[in-house]
Amino acid sequence: MEILNLLLDGFLVAFQPLNLGVVVLGCTVGLFIGAMPGLGSVNGVAILLPMTFLVPPTAAIIFLAALYYGAMYGGAISSIMLGIPGASTAVSTTFDGRPLALKGQADRALIAAASASFVGGTISVILFTIFAPPLAEIALSFGSPEIFALMVLAFATFIGLGGDDLPKTLFSIFLGLALSAVGLDIMSGQPRLIFFGLPGFYHGINFLVLAIGIYGIGEMLWVIDTSMGKATISQATVTPGRILTAVKGLSDNVKTMVMGSFLGYFVGILPAAGATPGSLMAYGVAKTMAKDPASYGKGNIDGVVAPEAANNAASTGSMLPMLTLGIPGSPTTAILLGGMVIWGLEPGPMLFVENKDFVWGLIASLYAANLFALLINLAFIPVFIWVLKMPFTILAPIIFVLCVIGGYAPTQDMQDVWLMLIFGVVGYLMRKLDYPLAPAVLAIVLGPLAEPALRQSLLISSGSFAIFFERPAAGGIMAAALFLLALPLLKVVKDRAGRRTGRGQ
Amino acid sequence: MRVAELVMAAVMAIFSLYLMWKSAELPIGWIPDEGPGGGAFPFWLGVGMLLCCVAVFVRCLIGASPQGRSKAVFMDRQTLRLFLIVAGSLTAMIALIHVIGVYGAVPAFLVFYLRLFGRHRWVTTGALALSVPVVTFLFFEIALNITLPKGLSEPLFYPLYDILL
Numbered sequence: 001m002e003i004l005n006l007l008l009d010g011f012l013v014a015f016q017p018l019n020l021g022v023v024v025l026g027c028t029v030g031l032f033i034g035a036m037p038g039l040g041s042v043n044g045v046a047i048l049l050p051m052t053f054l055v056p057p058t059a060a061i062i063f064l065a066a067l068y069y070g071a072m073y074g075g076a077i078s079s080i081m082l083g084i085p086g087a088s089t090a091v092s093t094t095f096d097g098r099p100l101a102l103k104g105q106a107d108r109a110l111i112a113a114a115s116a117s118f119v120g121g122t123i124s125v126i127l128f129t130i131f132a133p134p135l136a137e138i139a140l141s142f143g144s145p146e147i148f149a150l151m152v153l154a155f156a157t158f159i160g161l162g163g164d165d166l167p168k169t170l171f172s173i174f175l176g177l178a179l180s181a182v183g184l185d186i187m188s189g190q191p192r193l194i195f196f197g198l199p200g201f202y203h204g205i206n207f208l209v210l211a212i213g214i215y216g217i218g219e220m221l222w223v224i225d226t227s228m229g230k231a232t233i234s235q236a237t238v239t240p241g242r243i244l245t246a247v248k249g250l251s252d253n254v255k256t257m258v259m260g261s262f263l264g265y266f267v268g269i270l271p272a273a274g275a276t277p278g279s280l281m282a283y284g285v286a287k288t289m290a291k292d293p294a295s296y297g298k299g300n301i302d303g304v305v306a307p308e309a310a311n312n313a314a315s316t317g318s319m320l321p322m323l324t325l326g327i328p329g330s331p332t333t334a335i336l337l338g339g340m341v342i343w344g345l346e347p348g349p350m351l352f353v354e355n356k357d358f359v360w361g362l363i364a365s366l367y368a369a370n371l372f373a374l375l376i377n378l379a380f381i382p383v384f385i386w387v388l389k390m391p392f393t394i395l396a397p398i399i400f401v402l403c404v405i406g407g408y409a410p411t412q413d414m415q416d417v418w419l420m421l422i423f424g425v426v427g428y429l430m431r432k433l434d435y436p437l438a439p440a441v442l443a444i445v446l447g448p449l450a451e452p453a454l455r456q457s458l459l460i461s462s463g464s465f466a467i468f469f470e471r472p473a474a475g476g477i478m479a480a481a482l483f484l485l486a487l488p489l490l491k492v493v494k495d496r497a498g499r500r501t502g503r504g505q
Numbered sequence: 506m507r508v509a510e511l512v513m514a515a516v517m518a519i520f521s522l523y524l525m526w527k528s529a530e531l532p533i534g535w536i537p538d539e540g541p542g543g544g545a546f547p548f549w550l551g552v553g554m555l556l557c558c559v560a561v562f563v564r565c566l567i568g569a570s571p572q573g574r575s576k577a578v579f580m581d582r583q584t585l586r587l588f589l590i591v592a593g594s595l596t597a598m599i600a601l602i603h604v605i606g607v608y609g610a611v612p613a614f615l616v617f618y619l620r621l622f623g624r625h626r627w628v629t630t631g632a633l634a635l636s637v638p639v640v641t642f643l644f645f646e647i648a649l650n651i652t653l654p655k656g657l658s659e660p661l662f663y664p665l666y667d668i669l670l
């Protein structure tokens with residue numbers, strides 16, 4: 001099969017010393033970042049992206065993908081040991097992971113989490129290998145209307161599955177899209193939205209400025225705000241003997257692991273929905289399908305295994321639309337997408353045609369990253385526990401310095417650093433009022449793709465919006481988007497109906 | 506919380522109006538043979554933003570949103586103090602970069618944060634305040650060839666450039 005040939009070529013790329021080294025480094029860094037409360041894969045990728053200009057693009061994206069993976073493994077550590085989710089992707093792991101730790105079974109939980117992550121990662125990379133080329137084929141026939149329809153689907157997923165306040169989510173999306181319009185208008189070449197005439201806006205607002213502002217500075221401000229108390233850390237003794245016993249005990253949980261993997265992968269594929277909704281959904285499904293749902297939340301290993309398999313599977317899944325369609329599958333891949341554009345790699349179906357080495361090298365590295373992340377995770381658990389004791393007053397200033405320098409590096413304009421600070425502070429204040437910020441970051445990355453697609457589509461149709469519904473592929477995608485947009489409305493109707501019948505009784 | 510929500514919605518509404526006004530500098534309507542004008546995309550986004558702000562404002566007033574119903578304080582004294590210190594020191598650091606450059610501002614910030622705010626020992630503070638600028642210099646200026654702003658301290662670096670670059 002041709003796919004196997006391409007994959008083998010990919011392994012040759014993946015095992016080049018630089019790329020292999022970068023996989024190990026990425027996994028390790030990702031594990032630590034994921035384990036740290038307050039930092040997740042999206043923060044790590046945003047803050048470290050400027051650092052990757054040092055290496056060629058293939059190595060850079062392999063590093064960030066390995067980091068993404070490592071963070072999925074690492075998030076469980078803080079969830080289980082501290083009861084504080086290491087990242088939003090590890091929230092569901094706290095539900096059963098923390099009770100297990102409090103019962104003295106922290107090592108069982110940690111090993112279950114690591115094994116589930118490995119299973120989730122492996123299954124999803126295999127699915128990725130199978131699905132990627134056919135999807136790229138389909139995507140080659142996509143024109144501007146289809147691309148714009150996909151963007152609408154991405155935002156509709158956020159709105160439909162988000163569960164957040166609708167006006168605030170919409171505001172966030174519109175704001176991100178508007179910020180992406182700052183600079184020179186692509187189609188007419190004229191300067192646009194140069195606020196206060198400041199020259200620094202002529203090169204537009206780099207997505208990293210918003211991303212590092214929100215996920216770096218804003219995140220630190222948020223953690224300082226919310227974690228004023230001290231957390232108690234559990235003890236865990238990890239020896240090879242205990243690891244083997246724990247792994248043998250996991251044979252009961254294999255079914256849940258596989259379920260979590262598949263569910264996570266397909267949720268990850270959906271534009272914009274990534275590991276966070278994936279892991280939450282997997283936990284919910286596992287609980288609903290369980291023989292004794294009441295045991296969930298009190299220390300059921302299935303409750304740890306399902307979300308952990310799902311979040312690793314979702315991270316791979318979210319890279320599928322990013323590479324084949326140029327649509328990010330999650331907030332983290334939105335930032336990866338922005339990075340690829342900076343490196344001159346155009347995500348989308350042409351990537352599979354013109355940059356085969358890059359794509360299959362990346363896919364092969366994901367297999368390697370999965371394996372290394374598991375080994376490093378199990379080997380270094382005592383180290384992680386020691387690092388988790390690092391006071392936040394040391395971590396926070398270092399992150400701030402990294403943000404400032406990382407904000408300066410891409411454009412070498414101090415105005416961007418000030419913008420980043422403003423985004424961080426305002427973003428933090430908005431977050432306190434429950435404004436979701438991930439849609440804004442997604443929007444600023446997608447804006448430069450969505451706007452030309454919209455304008456070209458309208459040009460083709462001479463101003464008629466019907467073009468998005470008349471073409472079969474675009475129409476199908478728009479229908480899915482409209483369905484997702486209608487979900488919150490359906491929920492409101494259902495709630496009102498439930499209340500009415502309740503009162504009737 | 507109510508007041509904060511209303512104020513934020515009002516401020517964002519004003520920003521949306523400014524955005525709409527600024528977008529109108531380019532043609533908003535349809536240009537024959539060229540499609541929508543350059544200002545159309547941001548203008549209509551601004552309209553959408555304004556409507557969302559109005560919706561948030563109204564929902565807060567009638568108590569339909571959690572913030573509208575909440576009687577909690579937006580930021581209590583302790584949170585406000587922490588926020589002002591952290592955000593303030595960060596602002597000061599960025600401002601200092603313009604004057605004495607990154608390698609002056611960053612150690613100053615670290616010393617302030619670690620010692621005065623975090624009350625760590627001088628050993629820890631000193632170690633970080635010295636190592637972070639050095640690592641940054643080696644990584645960004647030597648390895649990545651990205652010059653970081655140095656402000657008034659620029660002349661001190663000429664000998665280093667001669668040796669290392």
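Heads up: the protein sequence lines correspond to chains W and F, in order. Numbers 1 to 505, taken from my numbering, label the letters of the first sequence in order. Numbers 506 to 670, taken from my numbering, label the letters of the second sequence in order. Each residue gets a CB set at the ideal place from its N, CA and C atoms; glycine is no exception.
With a threshold of 8 angstroms between beta carbons, W/E451 makes contact with chain F. Along the segment 633-652 of chain F, going in chain order, the ones with a CB nearer than 8 angstroms to a CB of chain W are L633, V637, T641, F644, F645, A648, L649, I651 and T652. Within the segment 522-543 of chain F, L524, K527, S528, L531, W535, G540, P541 and G543 place their CB atoms closer than 7 angstroms to a CB of chain W, listed in sequence order.
Residues of the segment 377-405 of chain W with a Cβ closer than 8 angstroms to any Cβ of chain F, in chain order: P391, T393, I394, A396, P397, I398, F400, V401, V404 and I405. In the structure shown, the three-state DSSP call for W/I399 is helix.
The count of Cβ pairs closer than 8 angstroms, one atom from the segment 542-552 of chain F and one from the segment 488-498 of chain W, stays below three, leaving the stretches out of contact. Under DSSP, F/W535 takes part in a beta bridge, and its partners are F/P541. Check the Cα spacing between W/I399 and each of F/L595, F/W526, F/W627 and F/L621: the tightest is with F/L595. Residue burial is scored here from C-beta neighbours: F/S636 has fewer than 16 other C-beta atoms within 10 angstroms and is therefore classed as exposed. In this structure the segment 299-311 of chain W touches the segment 78-96 of chain W; the number of beta carbon pairs closer than 8 angstroms is three or more. Beta-bridge pairing by DSSP links W/G183 to W/R192. At a Cβ-Cβ threshold of 8 angstroms, W/A149 and W/M350 do not count as neighbours. In the three-state scheme derived from DSSP, where H, G and I count as helix and E and B as strand, F/A577 is classed as coil. CA-to-CA, the gap between W/G200 and F/T652 works out to about 18 angstroms. For W/Q415, the enclosing alpha helix (DSSP H) stretches over residues M414 to K432.
Given a length threshold of 4 residues, each whole run of the alpha helix (DSSP H) inside the segment 198-284 of chain W is given here in chain order: 207-212, 219-226, 240-248 and 254-269. Residues of chain F whose Cβ lies closer than 9 angstroms to the Cβ of W/Y215 do not exist; the shortest such Cβ separation is about 15 angstroms. Chain order gives the chain F residues near W/S188 as L531, P532, I536, E539, G542 and G543, where near means a beta carbon separation below 9 angstroms. When DSSP states are grouped into helix, strand and coil, W/L345 belongs to the coil group.
For F/I602, the nearest beta carbon of chain W is closer than 8 angstroms to its own beta carbon. With a threshold of 8 angstroms between beta carbons, F/G573 makes no contact with chain W. The criterion of a C-beta distance shorter than 8 angstroms is satisfied by W/A440 and W/L210. Taking a cut-off of 8 angstroms for Cβ pairs, the segment 269-278 of chain W and the segment 314-330 of chain W touch, as three or more such pairs fall below it.
Straight-line measurement puts the Cα of W/V55 at about 28 angstroms from the Cα of W/L4. Close partners of F/I599 in chain W (Cβ separation under 7 angstroms): V404, V417, W418 and L421.
Note on geometry: alpha-carbon atoms of W/A286 and W/S124 lie some 18 angstroms from one another. In the structure shown, W/L325 adopts coil according to DSSP, grouped into three states. Among the residues facing chain F, W/A46 is not included, as its CB has no counterpart in that chain under 8 angstroms away. The DSSP-derived three-state label of F/Y608 is helix. The Cβ-Cβ distance between W/F142 and W/A443 does not fall below 8 angstroms. Counting along the chain, W/K298 sits inside no alpha helix (DSSP H), nor does DSSP assign it H or E at all. One thing to note: W/L7 has its Cβ within 8 angstroms of the Cβ of W/A364.
Around the beta-carbon of F/N650, fewer than 16 other beta-carbon atoms lie within 10 Å, marking it exposed. Per DSSP, the continuous alpha helix (DSSP H) segment holding W/G30 begins and ends at P17 to A35.
Looking from the CA of W/I243, the closest CA among W/A450, W/I381 and W/V401 belongs to W/I381.
For W/D96, the enclosing alpha helix (DSSP H) starts and ends at V91 to L102.
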